[in-house]
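Numbering (the numbering used here), first residue to last: 3 to 305. Ideal Cβ positions, reconstructed from N, Cα and C, are used throughout, including at glycine. Being a predicted model, the structure only gives us computed values, none of them experimental. To start, the structure under review is shown below, and the notes come after it.
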Ligand SMILES: Cc1cc2nc3c(=O)[nH]c(=O)nc-3n(C[C@H](O)[C@H](O)[C@H](O)COP(=O)(O)O)c2cc1C
């Protein structure tokens with residue numbers, strides 16, 4: 003059974019990557035298992051300056067079907083991440099590291115991406131143009147093809163490492179954004195980020211989240227994510243990292259059949275911290291059941 007996959011000529015031992023914002027910088031999970039079982043790690047969304055994030059409460063659970071978050075890109079800022087978090091992450095993990103970068107202006111994106119490009123611990127730069135929980139930034143760049151193209155072009159002009167643009171599902175036609183990124187030189191795409199949602203506390207008659215709206219993710223979004231991955235796979239040539247609602251090995255295979263080369267696992271890590279490890283362990287047995295010799299042979303078979 004061969005579980006290896008490649009993103010822009012970078013080999014991953016398997017396609018399983020914890021999604022940004024649900025895995026910190028890996029340290030808490032390293033206390034539970036050896037991180038080196040993972041195909042890659044996408045660390046917490048990093049911005050130019052440190053951010054405290056949004057007011058509390060910023061998480062709303064949605065029963066068995068998912069959760070809303072409005073964390074608002076809490077992170078210690080790129081200088082701290084480069085100086086302290088990345089060396090520690092590299093000690094714990096020898097596989098492929100994806101630097102998830104966010105910003106509030108083109109200048110912000112460029113600045114932080116240049117820092118990540120120079121950091122020896124980073125293999126792939128994942129540019130988040132899809133955060134729904136910050137104002138005047140994030141998702142604003144991922145909901146119009148022109149803006150997505152502008153960020154992609156600006157980042158590509160100053161970096162050498164592969165650049166993957168992380169797309170928002172909160173659009174009418176995700177293929178238009180995907181094509182704009184590809185045309186501007188993106189090496190790959192990652193989708194989906196969270197779907198804008200809301201919960202109301204019916205006793206207090208108020209939104210549950212202090213931010214009013216938040217990003218919905220977890221098992222309930224899986225069919226939507228799968229549909230979008232498939233639409234984008236049919237529209238572009240660059241590799242896709244599929245994300246959204248994945249919680250078991252079967253979902254990884256389904257995502258890959260839709261067109262993903264690798265797969266990120268988000269909210270599932272918060273429900274079951276062993277989720278990624280369990281998926282990785284189950285994958286070879288599932289491949290045997292499905293008579294898959296090489297995982298790469300199923301990429302996009304349902305395209
Ligand atoms: C608590 C939380 C924080 C997140 N923070 C980030 C982030 O910093 N950058 C980013 O690109 N996506 C972030 N996301 C989105 C996830 O990486 C992922 O795209 C999304 O949750 C869909 O996957 P899932 O259904 O497996 O959770 C966050 C998601 C959650 C639940």
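| Asked | Found |
| --- | --- |
| Using CA coordinates, which residue listed in 301, 295, 278 is at the minimum distance from residue 28? | 278 |
| Whose C-beta lies closer than 6 Å to the C-beta of residue 84 among residues of the same chain, with five residues either side of it excluded? | 117, 121 |
| Consult DSSP for residue 192 and reduce its assignment to one of helix, strand or coil. | strand |
| Please check the pair residue 72 and residue 266, which I expect to be a contact at CB under 8 Å, by giving their CB distance rounded to whole angstroms. | Their Cβ separation, rounded to whole angstroms, is 20 Å, which puts residue 72 and residue 266 out of contact at 8 Å. |
| Does at least one heavy atom of ligand 1 sit under 6 Å from the Cβ of residue 231? | no |
| Could you pull out every residue in the same chain whose Cβ sits closer than 6 Å to the Cβ of residue 115, ignoring the five residues on either side in sequence? | 103, 127, 157, 161 |
| Going by the C-beta, is residue 107 closer than 6 Å to any heavy atom of ligand 1? | no |
| Under 6 Å from any heavy atom of ligand 1, does the C-beta of residue 269 make it? | yes |
| State whether the segment 133–153 contacts the segment 221–238, with contact taken as three or more CB pairs (one from each stretch) at a distance under 8 Å. | no |
| Give the DSSP-derived three-state secondary structure of residue 216 in the structure shown. | strand |
| Spell out the partners DSSP gives residue 140 in its beta bridges. | None, per the DSSP bridge assignment. |
| Is it buried or exposed, residue 58, if we count other Cβ atoms within 10 angstroms and call 16 or more buried? | exposed |
| For the segment 250–300, which segments carrying the alpha helix (DSSP H) assignment without a break, of at least 4 residues, lie completely within its bounds, in sequence order? | 251–260, 270–273, 277–291 |
| Kindly indicate which residue of 33, 209, 52 has the alpha-carbon position closest to the one of residue 91. | 33 |
| Take residue 213 as the anchor and find which of 274, 135, 4, 124 has the nearest alpha-carbon. | 135 |
| Report the rounded CA-to-CA distance for residue 164 versus residue 199, giving the unit in angstroms. | 32 Å |
| Considering only residues of the segment 53–134, which uninterrupted beta strand (DSSP E) runs meet the minimum length of 3 residues and lie entirely inside it, listed in chain order? | 61–63, 69–71, 98–103, 126–130 |
| With distance defined between alpha-carbon atoms, name the residue in 252, 287, 228, 289 nearest to residue 305. | 228 |
| Taking the alpha carbon of residue 106 as the point to measure from, which residue in 77, 16, 50, 65 has its own alpha carbon closest? | 50 |
| Is it the case that the Cβ atoms of residue 202 and residue 171 are separated by a distance below 7 Å? | no |
| Within its chain, find whatever has a CB closer than 8 Å to the CB of residue 181; leave out the 5 residues flanking it on each side and keep chain order. | 147, 237, 238 |
| Please state the DSSP three-state secondary structure of residue 13. | strand |
| At a cut-off of 6 Å, is residue 196 close to ligand 1 when judged by its beta-carbon and the heavy atoms of the ligand? | yes |
| Ligand 1 heavy atoms versus the CB of residue 115: any closer than 6 Å? | no |
| Between the C-alpha atoms of residue 75 and residue 283, what's the straight-line distance to the nearest angstrom? | 31 Å |
| I'd like to confirm something about residue 170: is its beta-carbon nearer than 6 Å to some heavy atom of ligand 1, or not? | no |
| Measure from the alpha carbon of residue 14 to the alpha carbon of each residue in 273, 31, 44, 153, then state which is nearest. | 44 |
| Can you tell me which of 80, 280, 66 puts its alpha carbon nearest to the alpha carbon of residue 221? | 66 |
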